[in-house]
Amino acid sequence: MYWLSILLLMPRPHGNMAELGQGIRNQDLSDHETNILQDTTQQVLNQMQELKGVVLHTNKDDYILLVIKALQKDLTQASEGIQVLQGSVTSQGEKMLNLIEDNQNYIQSLSEKLIATSDILTNYSKELKDNSLYANVKIELMQQVCVSNFKRLDNKINELNKNMILMQNNQEGLFKANTKLVMKAINDTQKHSHSHLSFPSDCQDLLVNGHNIDGVHEIYPFSETMSSVPVWCDMAQTHGWTVLLARKSQIVQVNFQHKWGRYKSGFGRPDSEYWLGLEPLRRITKQHHQVLRVEVEDWDGQEGWAEYTDFWIEGEDQKYRLHVGNYTGNIGDALKHHNGKKFSTFDQDNDDFSSGNCATQWHGKGGFWFGVCALTNPTGIFLEKQKSEMGITWQPWTNSWETLKKLVIKIRPQ
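Each residue of the sequence shown is one higher than the last, beginning at 67 in the numbering used here.
Spelled out as structure tokens, the structure:
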């Protein structure tokens with residue numbers, strides 16, 4: 067009964083042991099507190115076993131057994147709560163260890179990345195420093211080169227200035243010397259104003275000044291440039307004839323199939339076959355009208371001639387239009403058909419033939435004052451005796467297109 071009194075006087079816990087375990091699970095317990103709880107529970111169990119033995123040996127009252135069973139149930143629930151608590155603590159510990167391990171791994175990874183980044187920054191800083199030093203050296207070298215170049219340039223400029231001063235002085239000296247020469251030439255020209263010996267404009271000037279031998283001579287039809295033109299001069303007793311066209315038989319014949327530009331300036335050789343040129347011819351006829359003479363020879367040795375007064379030609383803007391006056395001679399008036407016509411070549415068609423180009427279609431591609439088309443073809447192809455409009459012809463003489471062995475056109479002042 068003594069133990070029963072003690073048992074009845076013991077305070078009951080608030081709620082059962084399961085509720086105590088649940089409360090403990092909801093708290094974050096330390097290992098020390100868990101150990102204390104385990105020790106206390108074990109002591110209660112031991113006391114209950116002793117009490118159970120006493121009661122059983124005393125009266126084994128049903129009521130006491132019932133109380134003991136209730137206490138055993140509560141103790142069992144407390145033990146289960148302790149086990150749950152231990153499992154929870156163990157699980158939380160493992161989670162904490164895993165979390166700590168994960169954090170340590172993350173920190174290790176960050177540390178490695180920081181070390182790698184630090185190495186990169188160190189290398190970049192070193193490279194940047196090296197580049198900066200290299201750039202400074204290059205800039206310094208470039209500055210030195212620029213200074214050197216500026217010095218050389220300044221020396222060159224000074225040298226050029228000196229040379230320019232010398233050139234100006236030389237030019238002034240040359241100008242004075244040239245002025246003296248020009249004045250002397252003017253004086254000499256004035257002294258010989260009656261003579262055209264210095265710059266003869268045609269063969270007549272040469273004859274007047276004593277050159278009476280046939281041959282190649284230089285004339286100066288371009289007064290503004292004083293450029294010379296080689297011509298063949300036929301010197302008669304009273305006239306110096308300037309040959310403007312010569313066609314004759316020789317080993318190598320001159321080609322007369324030329325474009326406008328060549329007929330303008332002239333071509334061939336004065337000592338064989340040649341064309342004086344439209345522009346030199348215009349300059350000569352511009353000074354005064356000319357007498358134009360044509361001399362021909364056929365393949366049988368027969369010769370003939372024709373002369374025209376008031377011969378002159380217009381400028382290039384009028385395509386060197388032909389003008390002739392009265393005819394005299396024994397070969398017939400062929401130029402009456404060509405009088406007033408423009409000059410034509412195979413590349414510049416100025417004739418009156420509406421169906422084509424006379425030079426190309428009928429007359430061997432030589433240039434002349436074609437109408438529709440021609441009664442003479444002085445610049446045609448050199449052909450032996452035959453009838454052909456392509457050859458050298460003077461149609462009124464033979465009343466046919468029989469080719470000629472020789473044809474010469476020359477002029478003298480009227």
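Virtual Cβ for every residue (Gly too), placed ideally from N, Cα, C. Quick caveat, the model's predicted, so the values are computed rather than measured.
- For residue 271, the enclosing alpha helix (DSSP H) begins and ends at 269-274.
- Nearest C-alpha to residue 409 among 139, 370, 436 and 403: 436.
- Contact between residue 424 and residue 417 holds, since their C-beta atoms are separated by about 5 angstroms, short of 8 angstroms.
- A Cβ-Cβ contact shorter than 8 angstroms links residue 462 with residue 398.
- Per DSSP, reduced to three states, the secondary structure at residue 478 is strand.
- In the assembly as shown, residue 361 is a buried residue. Its beta-carbon has 16 or more other beta-carbons within 10 Å.
- Burial is judged here by how many other beta carbons sit within 10 angstroms of a residue's own beta carbon; residue 474 has at least 16 and is buried.
- In the three-state DSSP reduction, residue 306 falls in the strand class (E or B).
- Contact between residue 313 and residue 444 is confirmed by a C-beta separation of about 7 angstroms, below the 8 angstroms threshold.
- Under the Cβ criterion (8 angstroms, minimum of three pairs), the segment 277-294 does not count as touching the segment 371-378.
- Contact check for residue 379 and residue 351: beta-carbon distance about 6 angstroms, within the 8 angstroms limit, so the pair qualifies.
- Taking the Cα of residue 339 as reference, the smallest distance to any Cα among 322, 353, 326 and 331 is reached at 322.
- The beta carbon of residue 365 sits closer than 6 angstroms to the beta carbons of 451 and 471 from its chain, once the five residues preceding and following it are set aside; these are given in chain order.
- Residue 289 has its alpha-carbon roughly 39 angstroms from the corresponding atom of residue 227.
- Taking the C-beta atoms as reference points, residue 306 is found no nearer than 8 angstroms to residue 348.
- Going by DSSP, residue 445 is part of no beta strand (DSSP E) at all; its letter is neither H nor E.
- The DSSP-derived three-state label of residue 360 is strand.
- Here residue 211 is exposed, its C-beta having fewer than 16 other C-beta atoms within 10 Å.
- Exclusion of the five residues before and after residue 232 leaves no residue of its chain whose Cβ lies closer than 6 angstroms to its Cβ.
- For residue 372, the enclosing beta strand (DSSP E) covers residues 369-379.
- By the Cβ neighbour-count rule, residue 334 is buried, with 16 or more other Cβ atoms within 10 Å of its own.
- Our two residues, residue 219 and residue 202, have alpha carbons roughly 25 angstroms apart in a direct line.
- Within the same chain, 370 and 371 come within 7 angstroms of residue 396 by CB-CB distance, once the 5 residues on both sides are set aside.
- Burial is judged here by how many other beta carbons sit within 10 angstroms of a residue's own beta carbon; residue 183 has fewer than 16 and is exposed.
- Going by C-alpha positions, residue 426 is about 19 angstroms away from residue 468.
- Each residue's CA atom was taken as its position, placing residue 405 and residue 389 some 5 angstroms apart.
- A residue is called buried when at least 16 other Cβ atoms come within 10 angstroms of its Cβ; residue 440 meets this threshold and is buried.
- Around the beta carbon of residue 135, a 10 Å sphere encloses fewer than 16 other beta carbons of the protein chains shown; the residue is thus reported as exposed.
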